[in-house]
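Read top to bottom, the protein sequences are chains R and X.
Using UniProt numbering, you'd call the opening residue of the first sequence number 1 and step up by one each time.
Using UniProt numbering, you'd call the opening residue of the second sequence number 1 and step up by one each time.
Idealized CB from N, CA, C, for every residue including glycine.
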Amino acid sequence: MAEVELRRISKMYGSQKVVNEVSTRILPGEFFVLVGPSGCGKSTTLRMIAGLEEISTGELLIGGKPMNQVPPSGRNISMVFQNYALYPHLTVKDNILFGLQVRKVDKAEQGKRLERVAEMLGIAHLLQRKPKELSGGQRQRVALGRAIVSQHPICLMDEPLSNLDAKLRGHMRTEIRRLQQELGITMIYVTHDQVEAMTMADRMMVLRDGEVQQVGKPLDVYNHPANLFVAEFTGAPPMNTVPAIWLADQAGIELAGQRFLPLPMFHGIKDQTPVVLGLRPESLQPALEGQSMDASCQLPVTVQGVEILGSETIVEFTVGDKLWKAKWNGQWHCKRGETMHVRFDPAQLNVFDGETGKNLAVTTN
Amino acid sequence: MGELRAKWKVNMYAWLLLLPSLIFLLLFTFYPVIQTFILSFHQADLGSPEPFFNGIDNYKQMVEDEVFWKVLTNNIWFAIGTVPTSVALALAMALFANKAIRGKSFIRTAYFYPTVVPMIAVANIWLFIYTPEYGALSHVMEWFGKGDMNWLGDQKNVMWAMIFMVIWKEAGYFMIFYLAGLQNISQELYESASMEGASSWTVFRRITFPLLMPTTMFVSIIAFTNSFKLVDHLVIMTKGGPDNASNLLLYYIYETAFSFWDQGMASALTIVMVVLLLLVAAFQFFGMDKKIHYN
Ligand SMILES: Nc1ncnc2c1ncn2[C@@H]1O[C@H](COP(=O)(O)OP(=O)(O)OP(=O)(O)O)[C@@H](O)[C@H]1O
Ligand SMILES: [Mg+2]
Chain R
1 MAEVELRRIS KMYGSQKVVN EVSTRILPGE FFVLVGPSGC GKSTTLRMIA
51 GLEEISTGEL LIGGKPMNQV PPSGRNISMV FQNYALYPHL TVKDNILFGL
101 QVRKVDKAEQ GKRLERVAEM LGIAHLLQRK PKELSGGQRQ RVALGRAIVS
151 QHPICLMDEP LSNLDAKLRG HMRTEIRRLQ QELGITMIYV THDQVEAMTM
201 ADRMMVLRDG EVQQVGKPLD VYNHPANLFV AEFTGAPPMN TVPAIWLADQ
251 AGIELAGQRF LPLPMFHGIK DQTPVVLGLR PESLQPALEG QSMDASCQLP
301 VTVQGVEILG SETIVEFTVG DKLWKAKWNG QWHCKRGETM HVRFDPAQLN
351 VFDGETGKNL AVTTN
Chain X
1 MGELRAKWKV NMYAWLLLLP SLIFLLLFTF YPVIQTFILS FHQADLGSPE
51 PFFNGIDNYK QMVEDEVFWK VLTNNIWFAI GTVPTSVALA LAMALFANKA
101 IRGKSFIRTA YFYPTVVPMI AVANIWLFIY TPEYGALSHV MEWFGKGDMN
151 WLGDQKNVMW AMIFMVIWKE AGYFMIFYLA GLQNISQELY ESASMEGASS
201 WTVFRRITFP LLMPTTMFVS IIAFTNSFKL VDHLVIMTKG GPDNASNLLL
251 YYIYETAFSF WDQGMASALT IVMVVLLLLV AAFQFFGMDK KIHYN
């Protein structure tokens, strides 16, 4: 069984704690993404799972067996490194077969596996080349091939696409996902790019400063971020936020001393609590003339800037003292300084605690 | 027409930029080599007030000269004794110094120390070590109950003594090149190998050593040339003796030129040495280059 379980795993460098009590359970065959900003401890966590970094405290189990003291080669894991770690003096073929040769796998078996992997990745014509004679994408494939050929049930990847250009990155995203599903491997994938996390993951874990912020399916994380940090980390452009005051008696909000929105679906928030309002850019839509809408969910705004991207338009305006962005389908020719009304569905509103940043409607899972 | 002129202008510019170094190269390298080459076909010793052309007489004499053959054999043995050992030792020390976690810089300095000590001082230190009866080595030998040995005064021992000293001196110097080479190997490669469970011997044989080949090549050429260039230690410690047992080619050239004052013969010997070094360098360079991976 290729289940990976982390039990309150921490990493200390001297007195500095860079990974703090991370616990999670990664299911067999799952595509699990570790995501977070630079320096949040993603690589460190992954390397502890691989065995390249010692686990300071906590327990790691793979297939139910404790792994803390097991060397990397005993963990049934293959790994794709950020810079591919191809041996520059060996041909593609020898690079792919290196691990099998080390483990003294039968020659005929080696040949069979090589052939299958080369075909699967479309690198059969490159086998005699050296890494420096390959393009970035081809190197990436060779690195993938080396991980696959070992037939380990678990594969770790640390930002494997960060050296590729945008178009190739999109292509490799789908390819890695396809391979993972075809082979049924458990994948633990590190990235700082939330788009990669959203598009590839079965489940994702958002990290910040070594602490788990949220674990869940990409859409759950997107729709119900556990806190302000996750809200602002996911989505492009990220979630719009603005500080406000909660008025319990009217079940509504005072926004910068002027706006007032009855929000009956949030319960149990104390009167006068400072909160932060969060709304996704695509939840803000233009309120057209003659459309009868609940006036409470409309905001009169002054357009500050417009970006027309072809298929969609991003409109900027200020709410309170924050710059908000709204994302609308199609091409909208708004003018700077123009006043208009935007509306939103109150169900899509997120309310966060003004001090802790916790989402007041969602409980973390 | 205009194109030709533009091209000429660019070329001119390039030559002008090269000129300063070319002048020095011509003046201090090519000119002396050519002069030496010409002089090697002349008789120019104390018996001839003006050098005069004597064809290949110098070379004929050289071939008949027993000392020349002795010195050449000495030098070949000296090269065989010093080059592989000092290169291998340098590699081993670099691997160790690179791995040591505690006292890393201390170990590096300690290894490199023999290289920064001036030659004359080195020679004196070893002169003391090798001194019979009250030298350091003799004392150690006495503790082990071995008899006293005259290291530098005995024809059988003197070459070993010199070889040992040169290895001691050169290994630290070559280690620096290997250390630099090791730094250039990405840590990811080793991590990747450890994921596969490769033993440290496999890692060395299949990754580290092949990737250090350019360094090994470079260092061996230097080591080989150095083994033909040794002169200062001989001046201080043995003067090539006893009975030419520790005499090497360059020291013999020096003696011929400045003790026997036979400039013609010294020139002929020099040409032989230059050709020999070029041949070996060419062999190493062209013969082995294809097998080496360069980044
Ligand atoms: N060997 C080390 N000694 C001390 N601190 C370290 C060491 N390695 C990493 N760190 C620290 O641990 C923290 C987490 O590092 P890590 O490499 O896991 O970040 P990351 O999330 O992978 O970031 P990135 O996206 O930039 O790769 C960083 O603050 C880093 O400075
Ligand atoms: Mg990282």
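message: For chain R, check one thing: does any of its Cβ atoms lie closer than 8 Å to the Cβ of A198/X?
response: yes
message: For L179/X, which residues in the same chain have their Cβ closer than 8 Å to its Cβ, ignoring the five residues on either side in sequence?
response: A94, A97, N98 and R108
field: Boundaries of the alpha helix (DSSP H) in which G137/R is found, first to last residue
entry: G136 to V149
- prompt: What residues in the segment 246-273 of chain X bring their beta carbon closer than 8 Å to a beta carbon of chain R?
  reply: none
8 Å Cβ shell around N76/R - same chain, five flanking residues per side excluded: A2, I62, G63, H152, P153 and I154
Residue span of the beta strand (DSSP E) that contains A326/R, given as start and end: K322 to N329
- prompt: When every heavy atom of ligand 2 is checked, does at least one fall within less than 7 Å of the C-beta of K42/R?
  reply: yes
field: Inter-residue Cα distance where the pair is M62/X and N75/X
entry: 16 Å
query: From what residue to what residue does the alpha helix (DSSP H) around G354/R run?
result: Here G354/R belongs to no alpha helix (DSSP H), and DSSP marks it neither H nor E.
- prompt: Using 8 Å as the Cβ pair cut-off and three pairs as the minimum, do the segment 44-62 of chain X and the segment 132-145 of chain X touch?
  reply: no
task: Could you round the C-beta distance between D193/R and Q82/R to whole angstroms and report it? I think they count as a contact, below 8 Å.
output: Actually they are not in contact, since the Cβ atoms of D193/R and Q82/R sit about 13 Å apart, beyond 8 Å.
task: Could you round the C-beta distance between T313/R and W324/R to whole angstroms and report it? I think they count as a contact, below 8 Å.
output: With a Cβ gap of about 14 Å, T313/R and W324/R do not count as contacting.
message: Based on DSSP bridge pairs, tell me the residues matched to N227/R.
response: K358/R
- request: Answer yes or no: the CB of E159/R versus the heavy atoms of ligand 3, is any distance below 7 Å?
  value: Questions concerning ligand 3 fall outside what the structure shown contains, since the ligands it does hold are ligand 1 and ligand 2.
- request: Using a cut-off of 7 Å between C-beta atoms, extract the partners of H99/R located in chain X.
  value: For the sequence presented, residue 99/R should be read as Gly rather than His. Neighbours of G99/R on chain X, chain order: E196.
- prompt: Should P214/X be flagged as near chain R, meaning a C-beta pair shorter than 8 Å?
  reply: no
query: Under three-state DSSP, which class holds Q284/X?
result: helix
query: Under a CB-based cut-off of 8 Å, is R103/R close to chain X?
result: yes
message: F229/R and V276/R - do their beta-carbons sit closer together than 8 Å?
response: no
- request: Would you identify the three-state DSSP class for G157/R, choosing helix, strand or coil?
  value: This sequence places Met at residue 157/R; Gly is not what is there. Correct three-state label for M157/R: strand.
message: Short of 8 Å in beta carbon distance, which residues of its chain neighbour P51/X, apart from the five on each side in sequence? Order them along the chain.
response: L39, H42, Q43, A44, Q263 and G264
message: Let's see if you can read the secondary structure: which residues bound the alpha helix (DSSP H) around T131/X?
response: Looking at the DSSP string, T131/X is not in any alpha helix (DSSP H), and its letter there is neither H nor E.
message: So that I know if they touch, is there some Cβ in chain X lying closer than 8 Å to that of T364/R?
response: Unreliable placement is indicated for T364/R, whose pLDDT of 37 sits below 50; the coordinate value is still reported in the next sentence. No, its Cβ sits nowhere closer than 8 Å to a Cβ of chain X.
- request: Using 10 angstroms around the beta-carbon of T363/R, count the other beta-carbons present and answer buried if the total reaches 16, otherwise exposed.
  value: Any reading at T363/R must be qualified, since the residue scores a pLDDT of 43, below 50, and its modelled position is unreliable; the value itself is stated next. Counting Cβ neighbours within 10 Å, T363/R comes out exposed, since fewer than 16 surround it.
task: Since I believe V158/X is in contact with W168/X (beta carbons under 8 Å), could you give me their beta-carbon distance rounded to a whole number of angstroms?
output: Rounded, the Cβ-Cβ distance is 16 Å, inconsistent with contact.
- prompt: Considering only residues of the segment 189-222 of chain R, which uninterrupted alpha helix (DSSP H) runs meet the minimum length of 4 residues and lie entirely inside it, listed in chain order?
  reply: 194-200
query: Roughly how many angstroms separate the alpha carbons of residue 370/R and F209/X, rounded to a whole number?
result: With chain R covering only 1 through 365, there is no way to say anything about residue 370/R.
task: Measure the C-alpha to C-alpha separation of M48/R and P71/R and round it to an integer number of angstroms.
output: 11 Å
message: Is any non-hydrogen atom of ligand 1 found closer than 7 Å to the C-beta of S38/R, if you look at the structure I gave you?
response: yes
field: Short Cβ contact (8 Å threshold) for F218/X with L277/X
entry: no
message: Is there a C-beta anywhere in chain R that falls below 8 Å from the one on E3/X?
response: no
field: Neighbour flag for L189/X against chain R, beta carbons, 8 Å
entry: yes
message: For chain R, check one thing: does any of its Cβ atoms lie closer than 8 Å to the Cβ of T208/X?
response: no
query: Of all the alpha helix (DSSP H) runs that stay within the bounds of the segment 174-230 of chain X, which reach a length of 4 or more residues?
result: 187-196, 200-203 and 213-229
task: Could you tell me which of S199/X, P214/X, L189/X and I271/X sits nearest to G181/X, measuring between CA atoms?
output: P214/X
task: Return the chain-ordered list of same chain residues with a C-beta closer than 7 Å to the C-beta of I123/R, the five sequence neighbours on each side being excluded.
output: V92, Q138, R141, V142 and G145
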